[in-house]
Structures are given as C-alpha cells and as structure tokens.
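Working notes for the structure below.
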Ligand SMILES: [Zn+2]
C-alpha cells in the first residue's frame, strides 16, 4: 500500500507525518521552523523533518503534500510572501521538494489543507459539503464541495474571514471594511471587548486582566458567569453566524466545523452561532446545517496535506 507524507509548515514549527491510505499516521516529526537560520537553514529543517518520517517507511512514499501559510500559488507550487514566514520569499517549494525527494509534491494553504484533514478524518468525516473555519488571530476557512477541496481559479478560494459584516465598518488590512475577522476572530473579540469596557465601564472581572487580555480570558470569565464577558461572546457568535449564513446559502453546506482557540469557549460561542444561522439562513438550507467543533487540532494540517497528495496522484 503506497504511503504519503503530509507536512504542516508553520511560522514556529514544522510538523510532518507518514500517512497511509486509511488516514493512519504511522510516524510524526515536529521541529522548530528556525527562521532565525535564514531561508536555507529553515528549508533544511523542512527537508530534515520529511527525511525523518520517510526514512524507515515500510512501503514506498508516492507523494508529498504541504500546507503553508498564505499567500501562496498552489498551481505554480510557490510560497509567495507569508506574513508568518518572513524568511521565505517567493520560494519554488514544490520544485525544491521534488528535487530533494524524487516524488511529486503538492502545495496548498494551511487553512485549506486543515479543512481537508477534518473532512477526511475529523469533524467532517463522510460529509461531502463541508466548511471548516479556524478562529485565531484572523479567521481562516476552507470549503470542500462534493468531496473536493475548493481552490478557486488562482488558489484564493474560501477566504471566509473577509465576508463583509458591516459595509461602513472599520478598515480591514485587506483593504475592505467591516470584514468578519474584525469581529469574530480572537484578535477581534479582544479589541471589541476593550473598546466596550472603555465606553461603558461595565461591572466585570476582566478589569483585573485588562493588560494582555486574551480571548481565553474572556471565555473563562463568561463560562464562570461574568455577564459582560458572556455578552461579548454572544455578540461574536451572532456576527460569526451572520457571516456563516452567506457561506451556507452560497454552498448549501451540510456541516460547519469551528476550530482554533476561540472555539474552546464552547456553548457561549456555539449557541448564538447556531441560533443565528437557524434564524437567518434560507429555508431548506438553515435547518439541515450542523455546526460542530473541529476535532483534529494539530494533526488536521498534516493529514489534509497527505490527503491532497493522495487525491492528486490517484
Ligand atoms: Zn478583510
């Protein structure tokens, strides 16, 4: 049975895995990306990580799949200028990996491959119309339609974080205004919580944590009964729901998985998201969609990358 290598290239760590056709991870390697060594040193970390899982593989490795922070060009196999990978600029990563390992390599962005991993072995297992949303510093998304990962014509599909929530809203780094990630990402909820504290001087335990406030502080307070903190998650969940309605109506999605640190908040986030989608989605669409936590955490990227390599070579 042929094997595949999946690689999750991140700004801090590189995680590689040797994966079989059933989605079992036969071995795993995690090491720092070491951008402090410059591009060549960092690239060598990646080669070493892949070598570590390929050496001793019981069967031949047929292909390598890689998930990288964007922007990338998946069709040219190029890592362009990711903010999280300042040492990597316009890198022909697919060609470099094919030269180093003598097997075909494939590249897509990290949110897309993580979505594919969840659809293969996680919260979207067996689901043909699937959306995965990662709530972190920004909001990443990926869409699987009829079992295939949606890439878009030049590899920029599924940027759900930039759905417009308020056309007069604050400016987003992307150039648009009022994008979803300004409201419902971890960064967004922290910013809005601080703004509202300044404006309304609410009675909340968050005053004690104002320096270095995190989305986790807010969810912990909310889950411990702090009304203000709860209201902030209610608002973020509502706005996330408003954004998801657009995606659900557009693609007739069956399951949405929410991941990333903020999804750990649990029902104080999920309840307003589900309610909003139920209230605002189109009839025939809104009642069928299920909204669930994502399952795979750290392994989603490498599994999805391996799955992509498998699908492209079969
Ligand atoms: Zn934007």
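Residue numbers (the numbering used here): 1 to 314.
Glycine included, each C-beta is placed from N, C-alpha and C at the ideal position.
Residue i, buried or exposed, once every other Cβ within 10 Å from all chains shown has been counted against 16
| i | result |
| --- | --- |
| residue 33 | buried |
| residue 179 | buried |
| residue 134 | buried |
| residue 168 | exposed |
| residue 232 | buried |
| residue 298 | exposed |
| residue 105 | buried |
| residue 69 | buried |
| residue 107 | buried |
| residue 282 | exposed |
| residue 175 | exposed |
| residue 224 | exposed |
| residue 46 | buried |
| residue 247 | buried |
| residue 118 | buried |
| residue 82 | buried |
| residue 1 | exposed |
| residue 36 | exposed |
| residue 230 | buried |
Per-residue DSSP class, three states only, for residue i
| i | result |
| --- | --- |
| residue 42 | helix |
| residue 246 | helix |
| residue 26 | strand |
| residue 293 | strand |
| residue 146 | coil |
| residue 20 | coil |
| residue 281 | coil |
| residue 286 | coil |
| residue 272 | helix |
| residue 50 | helix |
| residue 34 | coil |
| residue 11 | coil |
| residue 266 | coil |
| residue 138 | coil |
| residue 259 | strand |
| residue 304 | helix |
| residue 6 | strand |
Interface flag, residue i vs chain D, CB-CB below 8 Å
| i | result |
| --- | --- |
| residue 20 | Absent from the structure is chain D; it holds one protein chain and no more. |
Closest Cα partner of residue i within the set the options
| i | options | result |
| --- | --- | --- |
| residue 122 | 196, 312, 302, 313 | 302 |
| residue 125 | 148, 104, 106 | 148 |
| residue 228 | 242, 199, 253 | 199 |
| residue 245 | 55, 274, 203 | 274 |
| residue 161 | 150, 182, 171, 144 | 182 |
| residue 184 | 202, 49, 164 | 164 |
| residue 52 | 264, 16, 10 | 16 |
| residue 241 | 222, 87, 280 | 280 |
query: Are the region 205-214 and the region 116-130 in contact at 8 Å, needing three or more beta carbon pairs?
result: no
Three or more C-beta pairs below 8 Å linking the region 138-148 and the region 102-117: yes
- request: Could you tell me which uninterrupted alpha helix (DSSP H) segments, each at least 4 residues in length, are contained entirely in the region 157-237, listed from first to last along the chain?
  value: 181-184, 186-200, 215-223
task: Would you check if there are 3 or more beta carbon pairs closer than 8 Å linking the region 234-241 to the region 259-271?
output: yes
task: Please go through the region 54-135 and give each complete alpha helix (DSSP H) segment of 4 or more residues, from N-terminal end onward.
output: 93-101, 110-121
query: Three or more beta-carbon pairs under 8 Å between the region 293-313 and the region 242-260, yes or no?
result: yes
message: Counting beta carbon pairs with one atom in the region 147-164 and one in the region 66-75, are three or more of them shorter than 8 Å?
response: yes
- request: Count the CB pairs spanning the region 57-71 and the region 91-99 that are closer than 8 Å, and state whether there are at least three.
  value: yes
message: Within 8 Å, do at least three Cβ pairs link the region 301-313 to the region 21-36?
response: yes
message: Pairs of beta-carbons, one from the region 183-197 and one from the region 210-226, closer than 8 Å: are there three or more?
response: yes
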